[in-house]
Amino acid sequence: MEKTGGKYDFSLYEFHNLLHQNILVSYKGPIDERVMTVIGENIEILTNDGNDRTKSKIFKIFMELAQNVWLYSAESCKTMSGKQLGMGTLVIGEFGDYYTFVTGNMVKNTDVEPVIEKCEIINSLDRDSLREYRREQRRLANQGKKNSGNIGLIQVALTAESPLDIELTPVSEEESFFSLAVKIKKKTVKE
Amino acid sequence: MEDIHIKGVHEAYFMPTVNFEVATGNCEISGESYLEETTKFYAPLLAWIREYTASVKGPLNFDIKLSYFNTSSSKCLVDILDLLKNYQKAGGLVTVNWYYEDSDEELEEVEDFILETGLQINKIPMD
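As they're listed, the protein sequences go chains V and B.
Remember, our numbering sits 448 above the position in the first sequence when you count from 1.
Remember, our numbering sits 151 above the position in the second sequence when you count from 1.
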């Protein structure tokens, strides 16, 4: 983006329109508990087509995935009090009969393989196996043998009842952009 | 030993309401659980159960009514259930009532806690 006469050389209107289509909430920047609170409340207000079950699903998924960006993004900044905040992008979209929640953040190429592997394992399992996997991973985490970041991803897949749609875009020798999207069906009440 | 009474707070973080009574062994965890330092919050609760089961040795009746808890809280909940299971194995009287809202996913989660800890948990739908 070139600066021309104090203004950025891009149309904010076009940017707005691009975001406007199907997007309920979008945020890019550092993530902390205040950002989480505001977006959490926005989910409650904006997902009107969803019943309470759907709202709580989106909220649960948002809490786990936004937390992951906050804690694990390779791009971060420091607050005045010295707190490290991960930076990334959070998007909540609405399409026909489902909502999507997407997170995106930079990752170090050296760290990304285990995450991709974890997502692939999760996507390969049926619901019962996924539940067993959550029990197993929670047990390992409680015994201090594994970190708990994994359980969040398993939880997200179980709550969404859909696979983790991941995409990795190489940015440089050291880093890539990692995005993770999940679909949440609007009507999940028993038919 | 003393009772634990914590009033739940729903701000940027969500602190559950906790009431643990020495005299009756009645224990309640309710509301929502999403904390800045999850293990730090749950440590005194675990310590209370350890002390109660070692010195008071009375019955323990747990009512868990959480409408939301994140995954790191779920690890601490498993720690609590593990202690209760151990107490039961050692001959202690333990009842756990888990109140859930009307969703299959929550019910599954309680069933998984049962499988994970081997503890019997009564599943009760919330009104």
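From the three backbone atoms N, C-alpha and C, an ideal C-beta is built for every residue, glycine too.
Status (buried if at least 16 other CB within 10 Å, exposed otherwise) for residue i
i, result
"V/PHE458", "exposed"
"V/ILE506", "buried"
"V/GLY536", "buried"
"V/GLN515", "buried"
"B/MET152", "exposed"
"V/CYS525", "exposed"
"V/PHE626", "buried"
"V/LYS638", "Note that V/LYS638 scores a pLDDT of 48, beneath 50, so its modelled location is shaky; the value from the coordinates is reported in the next line. So V/LYS638 counts as exposed."
"B/GLY182", "buried"
"V/GLU622", "exposed"
"B/SER281", "Because chain B spans 152 through 278 in this model, residue 281 of chain B falls outside it and cannot be assessed."
"V/GLN603", "buried"
"B/GLU267", "buried"
"B/VAL207", "exposed"
"V/THR558", "exposed"
"B/TYR203", "buried"
"V/SER529", "exposed"
"V/LEU664", "In the structure as shown, chain V starts at 449 and stops at 639, and residue 664 of chain V therefore has no counterpart that could be examined."
"B/GLN271", "exposed"
"V/GLY534", "buried"
"B/PRO167", "buried"
"V/GLN591", "exposed"
"B/MET277", "exposed"
"V/PRO478", "buried"
"V/THR617", "exposed"
"V/ASN553", "buried"
Bridge partners - residue i, DSSP secondary structure assignment
i, result
"B/THR242", "Reading off the sequence, residue 242 of chain B comes out as Gly, not Thr. Paired residue(s): none; B/GLY242 is not in a bridge."
"B/MET166", "B/VAL160"
"V/MET535", "V/PRO478"
"V/ILE493", "Partner(s): none; V/ILE493 has no beta bridge."
"B/TRP249", "B/ILE215, B/LYS274"
"V/ALA629", "V/VAL550, V/ASP613"
"V/PHE543", "V/TYR546"
"B/LYS236", "None, per the DSSP bridge assignment."
"V/VAL473", "V/ILE540"
"V/LYS391", "Since the first residue of chain V shown is 449 and the last is 639, residue 391 of chain V is not available in this structure."
"B/ILE155", "B/PHE171"
Backbone secondary structure at residue i - three-state DSSP
i, result
"B/ILE272", "coil"
"V/LEU612", "coil"
"B/ASP230", "helix"
"V/ASP559", "helix"
"V/ILE570", "helix"
"V/VAL592", "Reading off the sequence, residue 592 of chain V comes out as Gly, not Val. V/GLY592 falls in the coil class under three-state DSSP."
"V/SER521", "coil"
"V/SER504", "helix"
"V/VAL401", "Outside the shown range of chain V (449 to 639) lies residue 401 of chain V, about which nothing can therefore be said."
"V/SER459", "coil"
"V/SER577", "helix"
"V/SER624", "strand"
"V/ASN516", "helix"
"V/ASN499", "coil"
"B/SER223", "helix"
"V/GLU639", "A caution first: V/GLU639 carries a pLDDT of 42, below 50, which makes its placement in the model unreliable, though a value can still be read off. Correct three-state label for V/GLU639: coil."
Closer than 8 Å to chain C by CB, residue i
i, result
"B/LEU266", "Protein chains V and B are contained in the structure displayed, whereas chain C is not."
Identify each residue in the stretch 501-516 of chain V for which the Cβ-Cβ distance to at least one residue of chain B is less than 9 Å, and report them in chain order.
-> ARG501, SER504, LYS505, PHE507, LYS508, MET511, GLU512, GLN515
Inside the stretch 170-220 of chain B only - alpha helix (DSSP H) runs reaching at least 4 residues = 189-202
Got a sec: which bits of the stretch 573-592 of chain V sit with their beta carbon under 8 Å from any beta carbon on chain B, in order along the chain?
-> ARG579, ARG582, ARG583, ARG586, ARG587, ALA589, ASN590
Near-chain V residues of the stretch 183-199 of chain B (beta-carbon distance less than 9 Å), N- to C-terminal order | TYR185, GLU187
Closer than 9 Å, Cβ to Cβ, to anything on chain V: give me those residues from the stretch 251-263 of chain B, in chain order.
-> GLU252, ASP253, SER254, ASP255, GLU256, GLU259, GLU260, GLU262, ASP263
Compile a chain-ordered list of the residues in the stretch 226-240 of chain B whose CB is closer than 7 Å to at least one CB of chain V.
-> LYS226, VAL229, ASP230
Which residues, in order along the stretch 471-498 of chain V, keep a beta-carbon less than 8 Å from a beta-carbon of chain B?
-> GLU481, ARG482, MET484, THR485
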